[in-house]
Amino acid sequence: CRSSRELWTILLGRSALREPAQIAAELNKHWQRLLEGLSYYKPPSTTSAEKIKADKDVAAPLKELGLRVSKFLGLDEEQSVQLLQSYLQEDYRGTRDSLKTVLQDERQSQALMLKLADYYYEERICILRCVLHLLTYFQDERHPYTAQYFQCVEKLDKELVPNYRKQFEALYKAEAPTWETHGNLMTERQVSRWFVQCLREQSMLLEVIFLYYAYFEMAPEELLAFAKMFKEQGFGTRQTNRHLVDESMDHLVDRIGYFSALILVEGMEIDSLHERALDDRTEEHKLANNQHIHQEMDNQLLQLGNVSHHAPVLLAWALLRHTINPEESASIIRRMGSTAIQLNVFQYLTKLLRSLSSGGKNCTASTACMCIYGLLSFVLTSLELHTLGNQQDIIDAACEVLAASSIPQLFWKTEPTAGLGIILDSVCGMFPHLLTPLLQLLQALVSDKSTAKKVYSFLDKMSFYIELYKHKPPDVISHEDGTLWRRQAPKLLYPLGLGQTNLRIPQGTVGQVMLDDRAYLVRWEYSYSSWTLFTCEIEMLLHVVSTADVIQHCQRVKPIIDLVHKVISTDVSIADCLLPITSRIYMLLQRLTTVISPPVDVIASCVNCLTVLAARMPAKVWTDLHHTGFLPFVANPLSSMNHMISAEGMNAGGYGNLLMSMEQPQGEYSVTISFLNLVTTLVRGQLGSTQSQGLVPCIVFVLKEMLPNYHKWRYNSHGVREKIGCLILQLIHAILNLCPEMDPRSSNAPSLQSLCIFSLANTEAGQAVINIMGIGVDTIDMVMASQSSSDESQGQGQLLIQTVKLAFSVTNNVIRLKPPASVVSPLEQALTQHGAHGNNLIAVLAKYIYHKHDPALPRLAIQLLKRLATV
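Okay, so the sequence shown: first residue is 324 according to my numbering, each after it adds one.
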């Protein structure tokens, strides 16, 4: 009998079984388990216990342990023995002889049982992962097993949701285990571990149900049943065991609430209602003529308290009632709608989508985006914008929705007067008086080359220019009782010097005037390109850089640079049209790094742009950047390796000073991350010998200042330290993989590659890489197990695995490439010495053969051990 994890590995195509027919055979054999879900695992029973006792094929010590496991986990006796056998086969790290010793020793048996509990919890999660995987790809023609998945989903069809819903109810009502019921191993810590698993399973069951309803229709009675259940359960907050919830579990409780809200909104089928409303066919919607459901749903939803998870449900239901029969219950509709707005429904939707996509792009997040896109579009089409609360909240939510790559294409096909087009129109009505809202929205609307071109053209042809005046200026005449102004003289829009780029509103231009809070908001009928306007904005920032206005002006320029970055990283051919902007970035970098408290976010955005350009024209970017003093540099050329490593006469450059004066004290590292990406791109761009020599100070800075110390810096956000470690290793890895021709040595100075090899073999940089390899397989397993997202291929665990793999690869390459020497290098010495108290590094490295998430990691570890065996 296969373990659930084996089945999951097979479905992912990571096993030896890769033929579609083999996948089909596995699904035919195991579909029943997927349908049963968590109820595949049965509670203990006397008949099962008798069977085990009578079984001659199982050794007595295993039976005994199996029965203890059954009590500890509350699991059927036969399944407990089966679990034990598959654990010993897949995960046990000893020999048969060592197992005998373990079974005879009480303390070791207990430790084994705790490991078994973790294995069992993972098995349960893997069943749900398999179903999520099927639902993700069974209609995706690009997937190799789509036909096999489709057949399996057809078998699961009718019973899957009722089964999973029962399991969800059972979990939130379950009584926590105690030592009286489950034995003395059930300590407080184990109870807490059980409860985290319970919450995680609840959120995954709901995730399966949500994905299911993205493909299949929810009957009106089912919608009502879900509404009742979620109300009773407080959208995740009313757990039987809520006394066990601590801060570390909040994200799981939130996730249960998010999926509860999404299932109800998805079940209302707002997008199909929207389509029918446009053709006056609302009576065809499944909820149209269903008085009973209407009243019941009204009753359920009116009893909801003020919890943020209720907001989208109330908004969607109010909208549905308003569309289907507005006269019938106007006061109820108003009450629900205004409650949703008071509960900050758009802020909530932003939070929900950010949380679901925090691990990276996945099917669940993009399905949620589609669901909320339908809701947002209909809300904006049906209701007046000014009644929906703070407009910035709506823009933020719209931007999160647009992160799903298919939605921007949908957007550009819709009418400008409907859906999200309304919000775009509204922010255009304030541009360029307010720059950020429009640029934030357009940045989100770039998802591929075609949408990048659309955004470029949209900004290239603007027909209105919005200005705010405190008082009426002398050079305009007003007409039509003051609602129209006409310019009597042309006006230069920026106070820049002669011969510089500028915009000029001609004489005779007409503007509509609106009174806005005792000021005049004027909409001039004037055509111009926003890209020229952006060039002027950057020029202005360069003018005011040494004055007090610099921070205020940076707030206008940052969204410009961010948009340019998004456009050129999506379609680099547009960079040619944006030369007036990109060529000024070098000057910006030079000026902004020298102001009193440099605006690090703007600087990081500038470096990000240069990284995109460097992928296309490395030599040009390097030359222009070299003159700015931003990168670490050296006054006199370096001749010898020792001279290089000592870093004598080197200057940390604008970046190095920023790192020490701003980033380390504040614990935020946006510039460091963009710096490492830029230098890696320049290295991969295979520059000529003089330019490579110019990069030496950058690499010395990384090897001497960053790699040995980055883990001791202060960090405000989780995961940044790991990200920086990974980027440093990526840079070194890129250098070690340069072909000799591409890393030329000029006559006297060492190459980048020999610099890295020498530094890692002989200085503390090497020890830093060893420390990363020393993280060990158990820590990686722990991080992988604690990820909240159902998708394993993303998140903190994946970053950690990637970093450890790079550390192995770099170490392998250093030992392989270093020149033969009579003495053993400090790096090899550190790798092979035996530590005290049995904390032997070789043993830690060898244990990576037990790593099961990425097959490349055990391979790299074995490769290194083979190398070390010859030292």
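All residues carry an ideal CB built from backbone N, CA and C; glycine is no exception.
(Q) For residue 495, count the other beta carbons within 10 Å of its own beta carbon; 16 or more makes it buried, fewer makes it exposed. Which is it? (A) Taking the sequence shown and counting its residues from 1, the one referred to as residue 495 is at position 172. Per the 10 Å Cβ criterion, buried.
Q: Use the C-beta contact count for residue 475: other C-beta atoms within 10 angstroms, 16 or more gives buried, fewer gives exposed.
A: To locate residue 475, count along the sequence shown from 1; it is residue 152. Result: buried.
Q.
Let me confirm a value: residue 1161 is counted as buried when at least 16 other C-beta atoms fall within 10 Å, else exposed. Which label applies?
A. Here residue 1161 refers to the residue found at position 838 when the sequence shown is read from its first residue. Confidence at residue 1161 is low in this model, with a pLDDT of 49, below 50, so its placement is unreliable and the value that follows should be read with caution. Exposed, since its Cβ has fewer than 16 Cβ neighbours within 10 Å.
Q | Straight-line Cα distance separating residue 1004 from residue 421 | A | Working through the sequence shown from its first residue, we reach residue 421 at position 98. Working through the sequence shown from its first residue, we reach residue 1004 at position 681. Cα to Cα, the separation comes out at about 50 Å.
Q: Measure the alpha-carbon distance for residue 1038 versus residue 983 and round it to whole angstroms.
A: On the sequence shown, position 715 is the one that residue 1038 refers to. On the sequence shown, position 660 is the one that residue 983 refers to. About 13 Å.
Q. Whose C-alpha, out of 988, 768, 977, 970, is nearest the C-alpha of residue 1024?
A. Sequence index remark: in the sequence shown, residue 1024 carries index 701 (1-based). Closest by alpha carbon: 970.
Q) If you run the structure through DSSP and keep just helix, strand and coil, what is residue 811? A) Within the sequence shown, residue 811 is the residue found at index 488, counting from 1. In the structure shown, residue 811 sits in coil (DSSP, three-state: anything other than H, G, I, E or B).
Q.
Given this structure, state the Cα-to-Cα distance separating residue 554 from residue 625, to the nearest angstrom.
A. In the sequence shown, counting from the first residue as 1, residue 554 sits at position 231. In the sequence shown, counting from the first residue as 1, residue 625 sits at position 302. When rounded, the distance between both Cα atoms is 11 Å.
Q: Give the single residue among 1154, 1139, 690 whose Cα lies nearest to the Cα of residue 582.
A: Here residue 582 corresponds to residue number 259 of the sequence shown, with the count starting at 1. Closest by alpha carbon: 690.
Q: Can you grab the Cα-Cα spacing for the pair residue 600 / residue 469, in whole Å?
A: In the sequence shown, counting from the first residue as 1, residue 600 sits at position 277. In the sequence shown, counting from the first residue as 1, residue 469 sits at position 146. About 35 Å.
(Q) In the DSSP assignment, the beta strand (DSSP E) including residue 1077 goes from what residue to what residue? (A) Counted from its first residue, the sequence shown places residue 1077 at position 754. Looking at the DSSP string, residue 1077 is not in any beta strand (DSSP E); the run it does join, the alpha helix (DSSP H), is 1075–1085.
Q: Just tell me which of 417, 1082, 1060, 492 has its CA closest to the CA of residue 431.
A: Reading the sequence shown from its first residue, position 108 is the one you call residue 431. Nearest option by C-alpha distance: 417.
Q. At what residue ranges does the region 826–885 contain a whole run of the alpha helix (DSSP H), taking only runs of 4 or more?
A. 853–867
(Q) Does residue 719 pass the burial test, meaning 16 or more other C-beta atoms within 10 Å, or should it be called exposed? (A) As a first step, residue 719 is located in the sequence shown; it is residue number 396 there, counting from the start. Residue 719 comes out buried.
Q.
Using the three-state DSSP reduction, which class does residue 802 fall into: helix, strand or coil?
A. Indexing the sequence shown from 1 puts residue 802 at position 479. DSSP places residue 802 in strand when its eight states are reduced to three.
Q) Do you know offhand how far residue 1176's Cα is from residue 765's? A) By one-based count along the sequence shown, residue 1176 stands at place 853. By one-based count along the sequence shown, residue 765 stands at place 442. When rounded, the distance between both Cα atoms is 38 Å.
Q: Could you check the C-alpha separation between residue 840 and residue 809 for me, to the nearest Å?
A: One-based indexing of the sequence shown puts residue 840 at position 517. One-based indexing of the sequence shown puts residue 809 at position 486. Straight-line Cα distance between these residues: approximately 22 Å.
Q. To the nearest angstrom, how far is it from the Cα of residue 806 to the Cα of residue 853?
A. Walking along the sequence shown from the start, residue 806 turns up at place 483. Walking along the sequence shown from the start, residue 853 turns up at place 530. If you take the alpha carbons of residue 806 and residue 853, they lie about 26 Å apart.
Q) Which runs of the beta strand (DSSP E), 3 residues or longer, sit entirely within the region 1006–1034? A) none
Q. From this set, 1192, 1168, 1194, which residue's C-alpha is nearest residue 1233's C-alpha?
A. An answer regarding residue 1233 cannot be provided, because it is not within the stretch 324 to 1194 covered by the chain.
Q) From residue 481 to residue 784, what does the alpha carbon distance come to, in whole angstroms? A) Walking along the sequence shown from the start, residue 481 turns up at place 158. Walking along the sequence shown from the start, residue 784 turns up at place 461. One C-alpha to the other measures close to 53 Å.
Q: Assuming residue 830 contacts residue 813 (C-beta within less than 8 Å), just tell me the rounded distance between them.
A: Counted from its first residue, the sequence shown places residue 830 at position 507. Counted from its first residue, the sequence shown places residue 813 at position 490. At roughly 5 Å, the Cβ-Cβ gap stays under 8 Å, so residue 830 and residue 813 are in contact.
(Q) Quick check: what's the CA-CA separation for residue 1181 versus residue 413? (A) The count along the sequence shown starts at 1 and reaches residue 1181 at position 858. The count along the sequence shown starts at 1 and reaches residue 413 at position 90. Rounded to the nearest angstrom, the two C-alpha atoms are 15 Å apart.
Q: Mind listing, in chain order, the continuous beta strand (DSSP E) runs of no fewer than 3 residues lying wholly within the region 461–530?
A: none
Q.
For a quick check, are the C-beta atoms of residue 1078 and residue 1138 less than 8 Å apart?
A. For this step, residue 1078 is matched to residue 755 along the sequence shown. For this step, residue 1138 is matched to residue 815 along the sequence shown. No, these two residues do not count as a Cβ contact at 8 Å.
Q | Separation of residue 860 from residue 882, as counted between CA atoms | A | Position 559 of the sequence shown, counted from the first residue, corresponds to residue 882. Position 537 of the sequence shown, counted from the first residue, corresponds to residue 860. If I take the Cα positions, the gap works out to 11 Å.
Q: Go ahead and label residue 498 buried or exposed: buried means 16 or more other beta carbons lie within 10 angstroms of its beta carbon, across all protein chains shown.
A: Counting from one through the sequence shown, the residue named residue 498 turns up at place 175. Residue 498 is exposed by the Cβ-count criterion.
Q | Distance, residue 460 Cα to residue 964 Cα | A | What you label residue 964 is simply residue 641 of the sequence shown in a count that begins at 1. What you label residue 460 is simply residue 137 of the sequence shown in a count that begins at 1. Using only the alpha carbons, I get a separation of about 54 Å.
Q) Can you tell which of 1121, 763, 579 has the C-alpha that lies nearest to the C-alpha of residue 1106? A) Indexing the sequence shown from 1 puts residue 1106 at position 783. If we check each option's Cα against that of residue 1106, 1121 comes out closest.
Q: Go through the region 633–684 residue by residue and report every complete run of the alpha helix (DSSP H) that reaches 4 residues or more, in order.
A: 633–647, 653–665, 668–679
Q: Report the option in 1044, 328, 1001, 472 whose CA atom is closest to the CA atom of residue 954.
A: Counting from one through the sequence shown, the residue named residue 954 turns up at place 631. Residue 1001 is the option with its Cα nearest to residue 954.
Q. Distance, Cα to Cα, residue 820 vs residue 856?
A. Numbered from its first residue, the sequence shown carries residue 820 at position 497. Numbered from its first residue, the sequence shown carries residue 856 at position 533. The straight-line gap from Cα to Cα measures roughly 15 Å.
Q | Cβ pair count under 8 Å reaching 3, the region 442–449 against the region 520–527 | A | yes
Q: Specify, as a first and last residue, the run of the alpha helix (DSSP H) that residue 791 falls within.
A: As a working note, residue 791 is residue 468 in the sequence shown. Here residue 791 belongs to no alpha helix (DSSP H); instead the beta strand (DSSP E) covers 785–792.
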